[in-house]
Amino acid sequence: MLFTKHVARSMIDHGRRGSIINIGSTEAHQGNIGNIAYGTAKAGLLHFTRAAAMELAEFGIRVNSLSPTGTNPAEGLERAAAWGVTWKQRLKAPARPDMSFGDEGVPLGHRPSPRHYARGVAFLASDDAEMITGIDLRVDAGTVSRYWRWNPTSKTRRAD
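Taken in order, the sequence shown gives residues 19 to 178; the numbers are from the numbering used here.
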């Protein structure tokens, strides 16, 4: 929020039109056990984005957000290796038996990578999005839209 405040003030002072993009999270759209503060803060950021979009529209400043989801670690691991950085993935706690892990339940079959988020941000910042303000672009491979009972990676089907 402070970034938006200070950048918007500078843009207005210099007569610059443009785009501000806040980074949200799919947790703003769903409840996640054990992560109330984070999800609440990200949900607040979504509303802040909409309100700031309305406040700044008269100055030609568009404000949107992009919501990533749990990220596929492969791209980051490859980049770390290329830079000579040792990065070992590990869970902070044992996986919960009532939670999915990895790509399980992702409608498009796998989680997005940083390059997918970058493309979304580039679009929102581009002239192609000149009439888009106050929205949240979810780059989440369909995870928020998925009906809670449907598990696209389930190998078995049962009648309930």
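All C-beta atoms, glycine included, are put in the ideal place defined by N, C-alpha and C.
The structure displayed is predicted, hence computed values, not measured ones.
- DSSP state of residue 124 mapped onto helix, strand, coil: Residue 124: coil per DSSP, three-state reduction.
- Message: What does the alpha-carbon distance come out to for the pair residue 178 and residue 105?
- Response: Bear in mind that a pLDDT of 45 at residue 178, under 50, signals an unreliable position, so the number given afterwards is only what the model happens to contain. Straight-line Cα distance between these residues: approximately 43 angstroms.
- Message: Please return the same chain residues whose Cβ sits closer than 6 angstroms to the Cβ of residue 57, not counting the five positions on each side in sequence.
- Response: When the five nearest sequence neighbours on each side are left out, the beta carbons in the same chain lying within less than 6 angstroms of the beta carbon of residue 57 are those of 45 and 50, in order along the chain.
- Message: So if DSSP puts residue 39 in a beta bridge, which residue, or which two residues, is it bridged to?
- Response: Bridge pairing for residue 39: 82 [DSSP].
- Query: Leaving out the 5 sequence neighbours to the left and right, which residues in its chain are closer than 7 angstroms to residue 100 when beta-carbon positions are compared?
  - Reply: Its chain contains no residue whose beta carbon lies nearer than 7 angstroms to that of residue 100 once the 5 sequence neighbours on both sides are disregarded.
- Item | Nearest residue (CA-CA) to residue 164, options 63, 37, 48 and 103 | For the residues 63, 37, 48 and 103, the minimum Cα distance to residue 164 belongs to 48.
- DSSP state of residue 154 mapped onto helix, strand, coil: In the structure shown, residue 154 sits in a strand (DSSP, three-state: E or B).
- Extent of the continuous alpha helix (DSSP H) run through residue 19: Where residue 19 is concerned, there is no enclosing alpha helix (DSSP H), because DSSP gives it neither an H nor an E.
- Query: Which residue from 161, 78 and 166 puts its Cα closest to that of residue 151?
  - Reply: In terms of Cα proximity to residue 151, the closest of 161, 78 and 166 is 78.
- Query: By how many angstroms is the C-alpha of residue 131 removed from the C-alpha of residue 90?
  - Reply: Residue 90 and residue 131: Cα-Cα distance of roughly 5 angstroms.
- Message: Tell me the residue span of the alpha helix (DSSP H) that contains residue 14.
- Response: Outside the displayed span of the chain (19 to 178) sits residue 14, for which this structure offers no information.
- Inter-residue spacing [alpha-carbon to alpha-carbon] between residue 176 and residue 149: Legend: pLDDT at residue 176 = 45, less than 50; position of this residue unreliable, value from coordinates given subsequently. Straight across, the Cα-Cα distance linking residue 176 with residue 149 is about 46 angstroms.
- Query: Going along the chain, which residues of its own chain have a beta-carbon closer than 8 angstroms to the beta-carbon of residue 141, five neighbours each way excluded?
  - Reply: Closer than 8 angstroms at the Cβ level, and outside the excluded window around residue 141, lie 147 and 155.
- Item | Contacting residues, own chain, Cβ-Cβ under 8 angstroms from residue 35 (five flanking each side not counted) | Residues of the same chain with a CB within less than 8 angstroms of the CB of residue 35, apart from the 5 flanking positions on each side, are 29, 77, 78 and 79 in chain order.
- Query: For chain C, is any of its Cβ atoms less than 8 angstroms away from the one on residue 65?
  - Reply: Chain labels in this structure do not include chain C; a single protein chain is all it has.
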